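Novice:
Here's what the structure looks like:
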């Protein structure tokens with residue numbers, strides 16, 4: 001079956017995005033909203049099946065494996081692309097929109113990938129495109145963060161590719177299914193997926209990078225990278241027991257850092273880690289109920305986390321500030337932002353009637369049914385911590401609390417609309433969980449709204465709030481940062497270099513002393529050679545150099561010196577290249 | 586939209602506070618009455634367990650995070666620029 005019987009939604013987004021620079025003003029905004037809407041329509045009307053199979057250089061690649069597991073992820077990816085696209089429609093840079101949609105398309109392409117080569121291809125698209133979303137913030141700090149970000153993702157990409165090669169050497173196939181072989185191939189794949197899912201200690205790239213991305217960029221990033229990694233884990237490593245422990249540690253880890261955090265977007269970034277911890281633990285449990293729970297939580301999470309990042313982004317957009325210590329009293333000037341943020345806050349805290357309640361419950365039930373006492377206790381404890389930071393502390397310090405007297409108002413209409421749609425979906429899935437459950441990989445008969453469950457959850461939340469009220473004075477923001485494992489490559493690297501330089505300097509001095517004596521004799525001989533060199537050799541070299549200077553004067557004009565332009569050029573080049581491949585295969 | 590009417594009015598705020606305390610009490614009381622369906626752990630039979638657990642969780646997280654932060658993690662904001 002060829003590509004033209006089935007249009008890949010990723011190609012709609014990726015190729016369509018290349019036309020964005022040709023539209024201006026209102027037309028551009030309309031086109032930006034139209035693209036993900038088309039992709040969503042495409043996914044929504046899709047039937048399960050296998051599409052887009054090719055033989056590429058002797059390898060079978062599958063672009064469209066549409067089944068129970070991949071469909072839900074791709075569907076929500078498309079929804080999030082639309083909502084985030086609306087929110088970011090007023091961003092000025094056309095290149096930023098291209099990067100965002102190549103990124104979103106990459107996520108959908110990754111979900112539908114049936115083999116490791118396709119998976120790797122789309123994972124690389126995602127890494128490069130999301131790096132652009134950091135670069136477009138155009139500060140020295142964000143450029144450095146983008147550099148660190150892409151290094152980490154090159155590492156994870158290489159792990160996945162190497163693991164895939166080993167799988168191929170063992171099985172003779174690149175098909176991406178449950179990884180059963182074990183050994184180094186499975187270990188490499190697992191490390192690659194875990195890095196992308198931001199599992200500690202491999203996950204500090206996330207809170208390092210996301211707060212430095214552009215405002216709509218961070219909204220896109222909050223959804224795609226980690227959740228597509230959850231998808232790959234659910235596909236390849238369901239029931240892998242180490243994931244239960246890693247996921248639970250991860251859930252707690254994010255919560256602890258969030259308590260200490262002062263930057264609102266970084267606080268939310270740590271809560272991505274925490275929430276993805278639930279999903280990773282559920283994948284580790286591996287029963288049908290648990291996998292359903294992981295998927296349901298991923299779907300709900302993408303919407304409420306996007307909403308929270310939109311809220312925090314709106315605050316940053318309107319006030320230029322993102323530290324809790326610089327904010328306060330914003331509810332007076334940004335009431336709608338406050339209310340919509342709170343919907344996301346309630347959803348992530350699993351308040352009944354909001355989406356987090358109907359998704360997180362499945363994971364806890366799965367842990368309960370498997371009688372995992374400690375896992376259940378720690379995940380419940382994490383629940384309290386989530387409400388504490390995202391539902392109470394952040395909104396209190398930013399929107400209420402001590403009035404910072406900031407002049408601001410609610411953000412432009414498109415940003416409010418994006419938040420509004422996300423908030424609507426959070427409530428909609430909370431009220432009608434069946435619509436969420438219909439997207440899950442396995443058939444599910446689950447009723448979250450039993451009286452005992454509602455009472456149980458309400459007690460947790462109300463008494464967490466009571467605890468917060470007791471400690472409210474201690475939980476004010478502090479103008480400090482907290483060290484994470486990125487210390488090892490940010491500070492440890494510098495220390496290593498200093499040490500290495502010290503060593504090199506010592507050796508260098510020794511050697512140069514040695515040479516100084518030896519070279520005195522050689523110098524005389526060199527003197528004679530010099531005359532020849534000056535007259536003959538240099539003449540030729542100078543001639544060539546003159547030509548190079550002449551040509552490069554013309555070439556120089558296409559180099560703008562802006563990293564974003566180069567990055568987008570690379571992306572477009574990749575797109576072109578893949579088109580060629582598809583066309584001729 | 587005027588949210589000041591709620592948040593700037595001390596009467597309303599006092600009322601909200603009492604609603605909050607009342608809700609907490611009511612939900613604990615309900616726990617004694619409502620039958621439990623899925624019993625996985627021994628504490629599923631103790632009424633009010635999740636209230637106590639929620640409160641302890643919150644306090645534990647705050648104390649643990651603050652301690653680790655102070656002893657080990659927290660640095661000046663310009664730490665990485667130095």
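Protein chains in written order, with the working numbering: chain A, 1 to 585; chain B, 586 to 667. For each residue, glycine too, the CB sits at the ideal point set by N, CA and C. All values derive from a computational prediction rather than experimental measurement.
1) Alpha helix (DSSP H) containing residue 116 of chain A: first to last residue?
2) Who are the neighbours of residue 332 of chain A on chain C, taking C-beta pairs under 8 Å?
3) Shorter than 7 Å from the beta carbon of residue 479 of chain A to some beta carbon of chain B?
4) Residues in the same chain with beta-carbon distance under 7 Å from residue 7 of chain A, minus the five sequence neighbours each way, listed in chain order, please.
5) Got a sec? Which residues, its chain only, sit under 6 Å from residue 38 of chain A by beta carbon, not counting five neighbours each side?
6) Taking all protein chains shown into account, decide if residue 40 of chain A is buried (16 or more other Cβ within 10 angstroms of its Cβ) or exposed.
7) Kindly indicate which three-state DSSP category residue 63 of chain A falls into: helix, strand or coil?
8) What is the DSSP secondary structure of residue 214 of chain A, counted as helix, strand or coil?
9) So does the stretch 83 to 94 of chain A actually touch the stretch 140 to 158 of chain A, counting three or more Cβ pairs closer than 8 Å?
10) Do residue 234 of chain A and residue 285 of chain A have their CB atoms nearer than 7 Å?
11) Report yes or no: do the stretch 242 to 253 of chain A and the stretch 186 to 203 of chain A share at least 3 C-beta pairs separated by less than 8 Å?
12) Step through the CB atoms of chain A and report whether any lies within less than 7 Å of the CB of residue 609 of chain B.
13) If you follow the beta strand (DSSP E) that residue 52 of chain A is in, where does it begin and where does it stop?
14) Measure the C-alpha to C-alpha separation of residue 3 of chain A and residue 9 of chain A and round it to an integer number of angstroms.
15) Quickly, what does DSSP pair residue 481 of chain A with across the bridge? List them, please.
16) At the level of alpha carbons, what is the spacing between residue 512 of chain A and residue 523 of chain A?
17) Using a Cβ-Cβ distance under 7 Å, would residue 616 of chain B count as near chain A?
18) Starting from residue 323 of chain A, follow its DSSP beta bridges and name the residues at the other end.
19) Would residue 1 of chain A be called buried (16 or more neighbouring beta carbons within 10 Å of its own) or exposed?
20) Relative to the C-alpha of residue 589 of chain A, which candidate in A:153, A:397 and A:377 has its C-alpha closest?
21) Does residue 452 of chain A have its Cβ less than 7 Å from a Cβ in chain B?
22) Excluding five sequence neighbours on each side, which residues of the same chain lie with their C-beta closer than 6 Å to the C-beta of residue 347 of chain A?
23) Residues of chain A with CB under 7 Å from residue 619 of chain B, in chain order?
24) Identify the contact partners of residue 371 of chain A in chain B, using a Cβ-Cβ distance below 9 Å as the criterion.
25) How many Å lie between residue 105 of chain A and residue 14 of chain A at the Cα?
26) Express the C-alpha separation of residue 209 of chain A and residue 651 of chain B in angstroms, rounding to a whole number.
27) Can the beta-carbon of residue 87 of chain A be found closer than 7 Å to that of residue 418 of chain A?
28) Let me know the secondary structure DSSP gives residue 185 of chain A once reduced to three states.
29) Hey, is the stretch 102 to 117 of chain A in contact with the stretch 71 to 87 of chain A, meaning 3+ C-beta pairs nearer than 8 Å?
30) Roughly how many angstroms lie between the CA atoms of residue 157 of chain A and residue 640 of chain B, to the nearest whole one?
31) When we look at the beta-carbon of residue 202 of chain A and count the other beta-carbons within 10 Å, is it buried (16 or more) or exposed?
32) Starting from the Cα of residue 165 of chain A, find the closest Cα among A:116, A:569, A:276 and A:359 and give me that residue.
33) In terms of alpha-carbon separation, which member of A:416, A:569 and A:402 lies closest to residue 597 of chain A?
34) Quick one: which unbroken alpha helix (DSSP H) runs of 4-plus residues sit fully inside the stretch 452 to 511 of chain A? Chain order, please.
35) Using the C-alpha atoms, what's the distance from residue 332 of chain A back to residue 318 of chain A?
36) Determine, using beta-carbon pairs with one atom in the stretch 454 to 463 of chain A and one in the stretch 362 to 377 of chain A, whether at least three such pairs fall under 8 Å.
Specialist: So, to answer that:
1) For the purposes of this step, residue 116 of chain A is identified with residue 116 of the first chain, where counting begins at 1. Segment 116 to 135, the alpha helix (DSSP H) holding residue 116 of chain A.
2) The structure shown contains no chain C; its protein chains are A and B.
3) As a position in the first chain, residue 479 of chain A is number 479, starting the count at 1. With 7 Å as the cut-off, residue 479 of chain A counts as an interface residue toward chain B.
4) Position 7 of the first chain, counted from the first residue, corresponds to residue 7 of chain A. The residues are 42.
5) Taking the first residue of the first chain as 1, we reach residue 38 of chain A at position 38. Excluding sequence neighbours, residue 38 of chain A sits near 12.
6) Within the first chain, residue 40 of chain A is the residue found at index 40, counting from 1. With 16 or more other Cβ atoms within 10 Å, it is buried.
7) For the purposes of this step, residue 63 of chain A is taken as the residue at position 63 of the first chain. DSSP places residue 63 of chain A in strand when its eight states are reduced to three.
8) Here residue 214 of chain A corresponds to residue number 214 of the first chain, with the count starting at 1. It is coil, neither helix nor strand.
9) no
10) In the first chain, counting from the first residue as 1, residue 234 of chain A sits at position 234. In the first chain, counting from the first residue as 1, residue 285 of chain A sits at position 285. The answer is no: Cβ separation not under 7 Å.
11) yes
12) In the second chain, the residue the question calls residue 609 of chain B occupies position 24. Chain A contact via Cβ: present.
13) Along the first chain, one-based indexing puts residue 52 of chain A at 52. That run of the beta strand (DSSP E) goes 49 to 56.
14) Locating residue 3 of chain A in the first chain gives position 3, where the first residue counts as 1. Locating residue 9 of chain A in the first chain gives position 9, where the first residue counts as 1. Only weak support is given to the placement of residue 3 of chain A: the predicted model assigns it a pLDDT of 44, under 50, and the value that follows is read from those uncertain coordinates. Straight-line Cα distance between these residues: approximately 11 Å.
15) Sequence index remark: in the first chain, residue 481 of chain A carries index 481 (1-based). DSSP output for residue 481 of chain A lists B:660 as bridge partner(s).
16) One-based indexing of the first chain puts residue 512 of chain A at position 512. One-based indexing of the first chain puts residue 523 of chain A at position 523. So the alpha carbons of these two residues sit roughly 15 Å apart.
17) Against the second chain, residue 616 of chain B aligns to sequence position 31. Interface residue, yes.
18) Here residue 323 of chain A refers to the residue found at position 323 when the first chain is read from its first residue. DSSP output for residue 323 of chain A lists A:263 as bridge partner(s).
19) If you number the first chain from 1, residue 1 of chain A lands on position 1. Confidence is the limiting factor: at residue 1 of chain A the pLDDT is only 39, short of 50, which leaves the residue's position unreliable and the question unanswerable from this model.
20) This structure leaves residue 589 of chain A out entirely; chain A is present only between 1 and 585.
21) Working through the first chain from its first residue, we reach residue 452 of chain A at position 452. Yes, residue 452 of chain A lies at the interface with chain B (some Cβ there is under 7 Å from its Cβ).
22) For this step, residue 347 of chain A is matched to residue 347 along the first chain. Here the set comprises 304, 354, 355, 356 and 426.
23) Translated into positions along the second chain, residue 619 of chain B becomes position 34. The answer, in chain order, is 451, 452 and 455.
24) Locating residue 371 of chain A in the first chain gives position 371, counting from the first residue. The contacting residues are 625 and 626.
25) Here residue 105 of chain A corresponds to residue number 105 of the first chain, with the count starting at 1. Here residue 14 of chain A corresponds to residue number 14 of the first chain, with the count starting at 1. Distance between the alpha carbons of residue 105 of chain A and residue 14 of chain A: 6 Å.
26) Residue 651 of chain B sits at position 66 when you count from the first residue of the second chain. Residue 209 of chain A sits at position 209 when you count from the first residue of the first chain. Their backbone Cα atoms lie some 24 Å apart in a straight line.
27) As a first step, residue 87 of chain A must be located in the first chain, where it is residue number 87. As a first step, residue 418 of chain A must be located in the first chain, where it is residue number 418. Yes; because the gap between Cβ atoms is below 7 Å, this pair is in contact.
28) Along the first chain, one-based indexing puts residue 185 of chain A at 185. Three-state result, residue 185 of chain A: helix.
29) yes
30) Position 157 of the first chain, counting from 1, holds the residue named residue 157 of chain A. Position 55 of the second chain, counting from 1, holds the residue named residue 640 of chain B. Near 42 Å, if we compare the C-alpha coordinates of residue 640 of chain B and residue 157 of chain A.
31) If you number the first chain from 1, residue 202 of chain A lands on position 202. Classification for residue 202 of chain A: buried.
32) Against the first chain, residue 165 of chain A aligns to sequence position 165. Of the candidates A:116, A:569, A:276 and A:359, the one whose C-alpha sits nearest the C-alpha of residue 165 of chain A is A:116.
33) The first residue shown for chain A is 1 and the last is 585, placing residue 597 of chain A beyond what the model contains.
34) 487 to 490
35) Here residue 318 of chain A refers to the residue found at position 318 of the first chain. Here residue 332 of chain A refers to the residue found at position 332 of the first chain. Their backbone Cα atoms lie some 13 Å apart in a straight line.
36) no
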